[in-house]
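Numbered according to the working numbering, the sequence shown spans residues 97 to 167. Where a beta carbon is used, it is the ideal one built from N, C-alpha and C, also for glycine. For reference, the structure discussed in these notes is given below.
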Amino acid sequence: MATMKAVVIREAGGPEVLKIESLPIPTPKSGEVLIRVKAFGLNRSEMFTRQGHSPDVKFPRVLRHRSGRCG
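See below:
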(Lines of atoms letter the chains of each structure in order from A and count residues from 1; the text may use other names and numbers.)
(Lines give C-alpha, C1' and ligand atoms only; values in the text may rest on other atoms or scores of the structure.)
Protein backbone atom coordinates (compact mmCIF):
# COMPACT_ATOMS: atom_id res chain seq x y z
CA MET A 1 0.00 0.00 0.00
CA ALA A 2 1.35 3.41 -0.98
CA THR A 3 1.62 5.98 1.79
CA MET A 4 1.94 9.73 2.14
CA LYS A 5 3.10 11.96 4.96
CA ALA A 6 0.48 14.11 6.68
CA VAL A 7 0.41 16.37 9.72
CA VAL A 8 -1.89 14.87 12.35
CA ILE A 9 -3.16 16.66 15.46
CA ARG A 10 -4.52 14.23 18.08
CA GLU A 11 -5.19 16.83 20.78
CA ALA A 12 -5.18 20.59 21.23
CA GLY A 13 -1.91 22.18 22.31
CA GLY A 14 1.23 23.95 21.26
CA PRO A 15 3.36 23.30 18.18
CA GLU A 16 4.55 20.03 19.71
CA VAL A 17 1.15 18.37 19.01
CA LEU A 18 1.79 18.61 15.24
CA LYS A 19 3.01 15.12 14.31
CA ILE A 20 4.09 13.92 10.88
CA GLU A 21 2.62 10.47 10.21
CA SER A 22 2.51 8.10 7.25
CA LEU A 23 -1.05 7.49 6.06
CA PRO A 24 -2.49 5.62 3.08
CA ILE A 25 -2.73 7.72 -0.06
CA PRO A 26 -6.43 8.48 -0.61
CA THR A 27 -8.16 7.16 -3.72
CA PRO A 28 -9.90 9.94 -5.65
CA LYS A 29 -13.63 9.53 -6.21
CA SER A 30 -15.41 10.28 -9.46
CA GLY A 31 -14.89 13.94 -10.37
CA GLU A 32 -11.86 14.30 -8.06
CA VAL A 33 -8.15 14.31 -8.83
CA LEU A 34 -5.12 13.31 -6.78
CA ILE A 35 -2.37 15.93 -6.69
CA ARG A 36 1.16 15.34 -5.40
CA VAL A 37 2.02 18.08 -2.91
CA LYS A 38 5.70 18.83 -2.36
CA ALA A 39 5.23 21.44 0.39
CA PHE A 40 2.47 23.21 2.29
CA GLY A 41 2.03 25.71 5.07
CA LEU A 42 -0.29 26.11 8.02
CA ASN A 43 -2.52 29.15 8.09
CA ARG A 44 -4.11 31.04 10.96
CA SER A 45 -7.19 28.79 10.92
CA GLU A 46 -5.07 25.68 11.49
CA MET A 47 -3.21 27.47 14.28
CA PHE A 48 -6.50 28.23 16.08
CA THR A 49 -7.64 24.63 15.56
CA ARG A 50 -4.36 23.31 16.98
CA GLN A 51 -4.73 25.57 20.01
CA GLY A 52 -8.26 24.23 20.67
CA HIS A 53 -10.16 27.40 19.66
CA SER A 54 -12.32 25.66 17.04
CA PRO A 55 -15.03 23.93 19.11
CA ASP A 56 -16.64 22.17 16.12
CA VAL A 57 -13.39 20.46 15.13
CA LYS A 58 -12.94 16.89 16.32
CA PHE A 59 -9.57 15.27 16.94
CA PRO A 60 -7.65 13.57 15.49
CA ARG A 61 -7.38 16.19 12.75
CA VAL A 62 -5.42 15.37 9.61
CA LEU A 63 -4.06 18.42 7.80
CA ARG A 64 -4.06 17.57 4.12
CA HIS A 65 -5.85 18.75 1.05
CA ARG A 66 -8.92 16.71 0.13
CA SER A 67 -12.31 17.13 -1.53
CA GLY A 68 -11.54 20.63 -2.75
CA ARG A 69 -10.87 22.02 0.72
CA CYS A 70 -8.18 21.88 3.35
CA GLY A 71 -8.64 20.03 6.48
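According to DSSP, is residue i helix, strand or coil?
{"i": "PRO111", "result": "helix"}
{"i": "MET143", "result": "helix"}
{"i": "SER163", "result": "With a pLDDT of 41 at SER163, under the threshold of 50, the modelled position of that residue is not reliable, and no figure is offered here."}
{"i": "SER118", "result": "strand"}
Below 9 Å between beta carbons: does that hold for residue i and residue j?
{"i": "PRO122", "j": "LEU130", "result": "yes"}
{"i": "PHE136", "j": "LEU114", "result": "no"}
{"i": "THR145", "j": "SER118", "result": "no"}
{"i": "PHE155", "j": "ILE105", "result": "yes"}
{"i": "ALA108", "j": "GLY148", "result": "yes"}
Which partner residues of residue i appear in the DSSP bridge assignment?
{"i": "THR99", "result": "PRO120"}
{"i": "VAL158", "result": "VAL104"}
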